[in-house]
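Structure record follows, encoded as structure tokens.
In the numbering used here, the protein residues as written are 166 to 330.
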């Protein structure tokens, strides 16, 4: 899936109507800066910010440490695994909606991430947050293997639109 993702033409992920409906009340959207062929959530973030939402970006200190969501307007620096992230002393934010990159997903909205468990732990730490995967349609598979700690998504947005249970 990683190789297929790298070959995918980078087309815009346009905010679908069900996503826009969830932005009616302002909150904090946690997004990511794409790497390695990940689908770019930029238009989704723009739509949220235009509706008064604050932006949080993930910060990773090291493998195994919790991922924190920090003010997306703070200065940024290089992080582990090729990430660009807010500086360590940026203000921590609690996300109402988390956009997450995917390696693969299925129609039960199980997800396969990069394998380090950062988003699984973040979902457990923020159970009230709406969990939305952002991916290319080619990343959909018949079934994603799951473990007891895996937390399914509420929806996935691809270049073809909105998918929910």
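In this text, a Cβ means the ideal position worked out from N, Cα and C, and glycines have one as well.
Since this is a predicted model, take the numbers as computed values, not measurements.
Buried or exposed (CB count within 10 angstroms, at least 16 for buried), residue i
| i | result |
| --- | --- |
| residue 204 | buried |
| residue 263 | buried |
| residue 190 | exposed |
| residue 314 | exposed |
| residue 217 | exposed |
| residue 298 | buried |
| residue 256 | exposed |
| residue 168 | exposed |
| residue 224 | buried |
| residue 215 | exposed |
| residue 229 | exposed |
| residue 186 | exposed |
Beta-carbon proximity check, residue i vs residue j, cutoff 8 angstroms
| i | j | result |
| --- | --- | --- |
| residue 267 | residue 278 | yes |
| residue 212 | residue 180 | yes |
| residue 209 | residue 250 | no |
| residue 194 | residue 235 | no |
| residue 321 | residue 300 | yes |
| residue 269 | residue 304 | yes |
| residue 318 | residue 276 | yes |
| residue 307 | residue 271 | yes |
| residue 261 | residue 192 | yes |
Span of the alpha helix (DSSP H), counted from its first residue to its last, around residue i
| i | result |
| --- | --- |
| residue 183 | 182-186 |
| residue 285 | 283-290 |
| residue 209 | 207-215 |
beta-carbon residue i near the ligand SAM non-hydrogen atom, thresh 7 angstroms
| i | result |
| --- | --- |
| residue 189 | The model depicted lacks the ligand SAM and carries no ligand whatsoever. |
Cβ distance (whole Å) where residue i is taken to contact residue j below 8 angstroms
| i | j | result |
| --- | --- | --- |
| residue 232 | residue 296 | No, residue 232 and residue 296 are not in contact; Cβ-Cβ is about 14 angstroms, not under 8 angstroms. |
| residue 206 | residue 329 | Actually they do not touch by this definition, with Cβ atoms about 17 angstroms apart. |
| residue 252 | residue 240 | 5 angstroms |
Residue-level contact to chain D via CB, residue i, 8 angstroms cutoff
| i | result |
| --- | --- |
| residue 254 | The structure shown has no chain D; it contains just one protein chain. |
Element boundaries [beta strand (DSSP E), containing residue i]
| i | result |
| --- | --- |
| residue 242 | 241-243 |
| residue 238 | Looking at the DSSP string, residue 238 is not in any beta strand (DSSP E), and its letter there is neither H nor E. |
| residue 262 | 262-266 |
| residue 316 | Careful: residue 316 lies outside any beta strand (DSSP E) and carries neither H nor E. |
| residue 251 | 249-251 |
Helix, strand or coil at residue i [DSSP, three-state]
| i | result |
| --- | --- |
| residue 303 | helix |
| residue 227 | coil |
| residue 296 | strand |
| residue 330 | coil |
| residue 168 | helix |
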